[in-house]
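Chemist: Sharing a structure here in structure tokens format.
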Amino acid sequence: EGQFKDHKLNGLGKVVLPEGTIREGFFKENVLNGAGKILSADGTLMEGEFKNGMMRGNGKLTHPNGEIWQGEFKNNKMNGKGKAIYPDGEVWQGNFSNDKLNGEALITLPNGTSYTANFKDFKIEDGSKSNTLSLSSPNK
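Read left to right, the sequence shown gives residues 586 to 725 (this note's numbering).
Right under this line is the structure:
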């Protein structure tokens, strides 16, 4: 449903795909371009700016488990400044490259305690060793 031109969705519209995914927002020739959102059948919600159907620019990705990624996106991946907010209230904030935290990051625990750590490809660098950390399962 929405605005059509030459039998293609152009302008504000909504598309429900057969598997249940819902795409809503501004379209150009049937593809999301501009402000929009995608709700996948599994409950994943992407909200923000889209270019050629991919989230690009500021956006928010909410996972079915309650985890939220918020910040700068490019081609549906966190790229640039952003934060990961976990269901327990823990927040990791810093610079991301292809969904991986890199450089100095601020980690804030649910009790309000915060500390900084240096990351490379989502691994804490402490000089002598690296501990692998997962975006969906932070080291606690």
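Cβ atoms here follow ideal geometry from the backbone N, Cα and C, with glycine treated the same way.
Computed from a predicted model, the values in this text were never measured in an experiment.
Could you tell me which whole alpha helix (DSSP H) segments of length 4 or greater appear in the segment 598-665?
Modeler: None, since the segment 598-665 contains no complete alpha helix (DSSP H) of that length.
Chemist: Please report the straight-line C-alpha distance between T701 and L646, rounded to a whole angstrom.
Modeler: For the purposes of this step, residue 701 is taken as the residue at position 116 of the sequence shown. For the purposes of this step, residue 646 is taken as the residue at position 61 of the sequence shown. Going from the Cα of T701 to the Cα of L646 covers about 24 angstroms.
Chemist: Would you mind reading off the limits of the beta strand (DSSP E) that contains E710?
Modeler: In the sequence shown, the residue the question calls residue 710 occupies position 125. Start and end: K708 to E710.
Chemist: Measure the CB-CB distance between L634 and N643 and report whether it falls below 8 angstroms.
Modeler: Here residue 634 corresponds to residue number 49 of the sequence shown, with the count starting at 1. Here residue 643 corresponds to residue number 58 of the sequence shown, with the count starting at 1. Per the sequence shown, residue 634 should be read as Glu rather than Leu. Yes, these two residues count as a Cβ contact at 8 angstroms.
Chemist: So, with DSSP's three-state summary, where would you put Y671?
Modeler: Sequence index remark: in the sequence shown, residue 671 carries index 86 (1-based). Coil, per DSSP.
Chemist: What's the gap between the Cα of F710 and the Cα of T629?
Modeler: Position 125 of the sequence shown, counted from the start, is the residue given in the question as residue 710. Position 44 of the sequence shown, counted from the start, is the residue given in the question as residue 629. Sequence check: residue 710 is Glu here, not Phe. Distance between the alpha carbons of E710 and T629 is about 31 angstroms.
Chemist: Hey, does V600 have any beta-carbon neighbour from chain C nearer than 8 angstroms?
Modeler: Looking for chain C here will not work: only one protein chain is present.
Chemist: Using the DSSP secondary-structure output, state which residues sit across from T693 in a beta bridge.
Modeler: Here the question's residue 693 lines up with position 108 in the sequence shown. Looking at the DSSP assignment, T693 forms a beta bridge with V676 and S699.
Chemist: So V676 packs on K668, CB below 8 angstroms; how close in whole Å?
Modeler: Along the sequence shown, one-based indexing puts residue 676 at 91. Along the sequence shown, one-based indexing puts residue 668 at 83. With a Cβ gap of about 6 angstroms, V676 and K668 count as contacting.
Chemist: Quick check on L691: buried or exposed, where buried means 16 or more other Cβ atoms within 10 Å of its Cβ?
Modeler: The residue labelled residue 691 in the question sits at position 106 within the sequence shown. Exposed, by the Cβ-count rule.
Chemist: Using the beta-carbon count (16 or more within 10 Å), is E609 buried or exposed?
Modeler: Position 24 of the sequence shown, counted from the start, is the residue given in the question as residue 609. So E609 ends up on the buried side.
Chemist: Taking the straight line between their C-alpha atoms, what separation do you get for N680 and F707?
Modeler: Residue numbering aside, residue 680 sits at position 95 when the sequence shown is read from its first letter. Residue numbering aside, residue 707 sits at position 122 when the sequence shown is read from its first letter. Taking the straight line joining both Cα atoms gives about 10 angstroms.
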